[in-house]
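Chains as they are written, first to last, in the UniProt record's numbering: chain A, 1 to 331; chain B, 1 to 523. Below is one structure, written out as structure tokens, with a few remarks after it.
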Amino acid sequence: MPILTRYDTPARLPEPTDGHRDAWSSRVGGIVAALTAEHPQFFDPTAGEVGSDVQAPVVAWTAFPATLLEDATSEEQRWAAADASRDVQDEYCEWSVERDDEGVVTRVTFTTEVPEYFHHLARDPDRLLATYRELVGPDVRPEDLVVDGRYQPRNVHNRSTTGRLAHLVQDSNTLEAALRLAAQATVLREDADGHPVTSAMALVRCGRLGDHRRNSDPQIAAAVNDAAATGAEISLQDPVGIYIDRLVIGGMETPDHEDPGTFWTVERGDAQHVLRASYAVPPDRPYRVGDITVAGRPIRFGAQLADRVSVRLTALVRPADHRPERRPCTG
Amino acid sequence: MTTRASSPPTCAAFRQLPPGMLQPDAVHRLVLGEDDAVRVLSAEEAAAELGDPFATHLLLRGVFPRTAGDVLTALDRATPVGHPLREELVFLLGEGSQLPTGAATAAVDRRLRFLVTRGVGAEGADVLLSAAHPGSGDVELMAWDRRAGGFNFYQSVGDSTAWVFAGNSRHALRGPSQGRGPFESHLSGTVVMKELRSPWLHWHSQAANVLPSVLPADPPLVGHPWVTARNPQGADICELAVARPGIDRWTRARFKRLVEAGVVDDPGRVLVQVLDTPSVNIIASNRESRDVVAGGPLVLPQTFFVDSEALTEVLGLPAPPRFAVAAETYLRSLRTFDVHQEDDDGARYAGDAHFAFAVPERAFEDQAVLRQALATGLLSDRLAACLLMVDFPNPVFSPRRAALLAHVPPRARISDGSSDLPDAMADAILAAAPDTPAGSPEREFAELWDDVASLGDRLRAYYAAVTGRLGSPTGFDDYVRLADSRRRRVRQMPVSESSLLFARTNVPPRERRMTADGTVVEV
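Below you can see the structure in the form of structure tokens.
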């Protein structure tokens, strides 16, 4: 694996200058440096040669929030709950829905773009505005985004589940949270009886590693922790980010029997690193997203697609000879 | 070559075929119940019977892979870059996959096995193979036959390059091949994923990773493409991309034939999947049993209490509330009933299954049949609702509901989205009801039929009663006993392949049933 000289932008999004690139790298590097200082099995891939025997396991999960599953009484109830607020879309993926005058779904847009990147963009207000106008629409005004010189992530264009969203805003959906989780999960744990804690939910609770009811946190924690138990060192693969992995089309049916996968459009990133994607029927076809069925039911909620969108991050596991000792639970 | 197979009527028949009975580099036919001997298919016979991509790309071209890995390599060689059959998904499961690692479990057989699919699209996968290891010669393979419809089932045996065609999905539904060979567990001839829904107990998933540290070391798997980078994929992908669409695919094809024929010669074969419990799926709470701690609720699976998949999601009747029990009550029940797991060698592991309160629920393949029966008009909403509301507190293993199969007409006509079955069956039950004892299923059906408007109220009253019972330790203890009775039934079914399928208890082995007032009675 080549030496990493700096952290690239999510999905290697273009930056106008090397200075901008360095600024993003410093932002990520600052987070990583604090974590490596605290967790000896979490490493900084820009600090030296990563090694040729490094593995890059993918950790993937569903965009639909698992925290809503427990209390769900019916499919429709949980879909409506997930579509109701960005604050419940806590799986490092958020979405918004557009409808026509009849209330029929016409487009659903998903994003995994972290707020940190938009704070980075906000160093250049013109670039921030241009990006917003590209993602959300031409009506965005500078004063909608920046107030008293500070970028407002939850601005009028990026806080609801309708229209076109810009980036993640749910409190837990940050790059720093993902990195912190990965770093903290390198700590091996044991319960009060001295038994190793290795199962995903119990590990999250024991180490206070996030929310044990989510899809994402327990799985990331368990994968990292299992690798750490071998003595290995862990980091995240460059370009560090959370990516949309795929839309599962099994069970989807279009009125004209067109492949339902053809209406999935990657809007930002590339095929390997999808940051933003939308589902919409081109205008030359006589039907809308709401006329497509999923498991026999018309699409009435963005959450019906969120059930089928998977999200991922890629870890780096570098063999090493750490001999970690298990620590007691903190949670 | 024709060789007699003195074999049991199960999949074991294939594993027990001595290598000498099979000819290398040949495709054989042994549809149990239809063939009384395994025999080599001639090229003409094979070409006439086998239209799936495994056959057309490999077997019919003289390519006979020896191992699971060889099958995939051969498919790559047989297809151009970008061909859907090169698109691969790998999944991993094992009933012992979540047992903790350590000295006590070092020798346990975790029953790890892989499901590998090729050619996944909106209708599921075209090729599915199951094997314990890429180097394994014991491969079970299903491939969708676009020409004939249905899955073709194959088996390879040991180190041989011989392949045995074991039947098509249609063999699961007719004549003496029903319930035999692969159709012992693939009862309706389609994909089986027992733990179909979240949290996919026993599968590698976003809810519970099968960690690399439990992979077999001999032969080693760590570093193999089946377990590196994106593999194994999560069970959520298998559910949505492979299992559900695959089950729906065959169910649609099956009903398409019925509709095209205009006559259903054996409607009882359909109704048994509506009224009885030929198979089950397994559902559990979304909470790791080790993660249940005092102070909070444990939410139990809805479908333990009511068939909400059919009654609510398909027929639109009122949804159940969240059924939950206090964590303290659940934890106390683990001690009261000595809940533990036991592997095939008899070793004990204290505690519940990896996810708490795993129980059987109505199988998705049976739900798919209900939906297709409604979509094609073979059943009406009213008939389906009234049938399923008979003994509704027992969504699985209800002899009362199954007794109504006696009133299924021998034939039904179906055309233009409706059939004569709903009236014929309802009339038959209503005619029989007066001559049956008080409280009979027929009388219960008649009461529901005459008062369809009451169905919602009946469900709501039951939901309230169950919620009340869950508030007391004795009420929950009754549900633990009921759950144990249902698990024992499943252990007698072909889908039960491991002692680790469910946790065990000290509950006396008796039949139990739920009543509409939320109490449990011994039968």
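The beta-carbon is built from N, C-alpha and C at its ideal position, and this holds for glycine as well.
Residue i (DSSP reduced to helix, strand or coil)
i: E522 of chain B; result: strand
i: R4 of chain B; result: The predicted model places R4 of chain B with a pLDDT of 41, which falls under 50 and marks its position as unreliable, so this point remains unresolved.
i: I282 of chain B; result: strand
i: Y479 of chain B; result: helix
i: F304 of chain B; result: helix
i: S485 of chain B; result: helix
i: G119 of chain B; result: strand
i: T5 of chain A; result: coil
i: W264 of chain A; result: strand
i: R318 of chain A; result: strand
i: R53 of chain A; result: According to the sequence provided, residue 53 of chain A is Asp. The question's Arg does not apply to it. Of the three classes helix, strand and coil, the one that applies to D53 of chain A here is coil, per DSSP.
i: M514 of chain B; result: strand
i: R411 of chain B; result: coil
i: L173 of chain B; result: coil
i: H273 of chain A; result: strand
i: D435 of chain B; result: helix
i: D423 of chain B; result: helix
Close Cβ partners of residue i (< 7 Å) along its chain, the five nearest in sequence each way excluded
i: V214 of chain B; result: S97, T101 and R110
i: V281 of chain A; result: F263, Y287, R288 and V289
i: I242 of chain A; result: Y92, T112, V114, A178, V311 and L313
i: K194 of chain B; result: N281, I282 and V495
i: A227 of chain A; result: I234 and V317
i: S177 of chain B; result: V31, L32, G33, E34, G167, H171 and F183
i: G518 of chain B; result: Y462, A465, V466, G468 and R469
Contacts around residue i, its chain only, beta-carbon distance under 6 Å, and the 5 residues preceding and following it disregarded
i: S235 of chain A; result: F43, P45 and L316
i: L305 of chain A; result: V108 and Y279
i: E253 of chain A; result: T293
Partner residues on chain D for residue i, Cβ-Cβ distance less than 8 Å
i: P301 of chain B; result: The structure shown contains no chain D; its protein chains are A and B.
Length of the line joining the Cα atoms of residue i and residue j
i: D265 of chain B; j: R413 of chain B; result: 9 Å
i: A217 of chain B; j: D145 of chain B; result: 37 Å
i: V127 of chain B; j: G149 of chain A; result: 58 Å
i: F364 of chain B; j: W200 of chain B; result: 14 Å
i: T2 of chain B; j: A37 of chain B; result: Residue placement at T2 of chain B cannot be trusted, given a pLDDT of 37 that sits under 50; what the coordinates show is reported in the next sentence. So the two alpha carbons sit approximately 7 Å from each other.
i: P16 of chain A; j: D22 of chain A; result: 11 Å
i: A5 of chain B; j: A47 of chain B; result: Confidence at A5 of chain B is low in this model, with a pLDDT of 40, below 50, so the placement of that residue should be treated as unreliable; the coordinate-derived value is given next. Computed Cα separation, rounded: 24 Å.
i: L470 of chain B; j: A319 of chain B; result: 18 Å
i: G69 of chain B; j: R170 of chain B; result: 28 Å
i: residue 529 of chain B; j: A433 of chain B; result: With chain B running from 1 to 523 in the structure shown, residue 529 of chain B is simply not present.
i: R300 of chain A; j: V294 of chain A; result: 10 Å
i: H28 of chain B; j: H195 of chain A; result: 52 Å
i: D484 of chain B; j: E94 of chain A; result: 41 Å
i: R213 of chain A; j: A43 of chain B; result: 55 Å
i: V309 of chain A; j: L247 of chain A; result: 5 Å
i: D345 of chain B; j: E497 of chain B; result: 13 Å
i: Q233 of chain B; j: A55 of chain B; result: 26 Å
i: P40 of chain A; j: R61 of chain B; result: 56 Å
Where residue i meets chain A, residues with beta-carbon distance less than 8 Å
i: L211 of chain B; result: T198, A222, A223 and D226
i: residue 605 of chain B; result: Because chain B spans 1 through 523 in this model, residue 605 of chain B falls outside it and cannot be assessed.
i: T329 of chain B; result: What T329 of chain B touches in chain A: nothing, since even the nearest Cβ is about 17 Å away.
Chain-ordered neighbours of residue i on chain B, where CB pairs are closer than 9 Å
i: T262 of chain A; result: The premise fails here: T262 of chain A is roughly 11 Å from chain B at the closest Cβ pair, so nothing lies under 9 Å.
i: D259 of chain A; result: G121 and A122
Chain-order list of residues whose beta-carbon lies under 8 Å from that of residue i (same chain, five-residue window excluded)
i: V299 of chain B; result: S285, N286, R287, R322, F323 and A324
Under 7 Å by beta carbon: chain A residues contacting residue i
i: D248 of chain B; result: G251
i: G124 of chain B; result: G250
i: R290 of chain B; result: S199 and A202
Contact set between residue i and chain A, taken where Cβ atoms lie within less than 9 Å
i: E313 of chain B; result: S74, E75, E76 and R297
Where residue i meets chain B, residues with beta-carbon distance less than 7 Å
i: E70 of chain A; result: N286 and V299
i: Q55 of chain A; result: T228
i: T62 of chain A; result: Q206 and D236
Interface residues of chain B facing residue i [CB-CB closer than 8 Å]
i: A315 of chain A; result: In chain order: nothing, as chain B lies at least about 11 Å away.
Residues bridged to residue i [DSSP beta-bridge criterion]
i: D35 of chain B; result: B:L32
i: R189 of chain A; result: A:V197 and A:R327
i: T312 of chain B; result: For T312 of chain B, which the question treats as bridged, DSSP gives no partner whatsoever.
i: P360 of chain B; result: B:I282
i: T190 of chain B; result: Answer is none; T190 of chain B lacks a bridge partner.
i: T162 of chain A; result: A:V97
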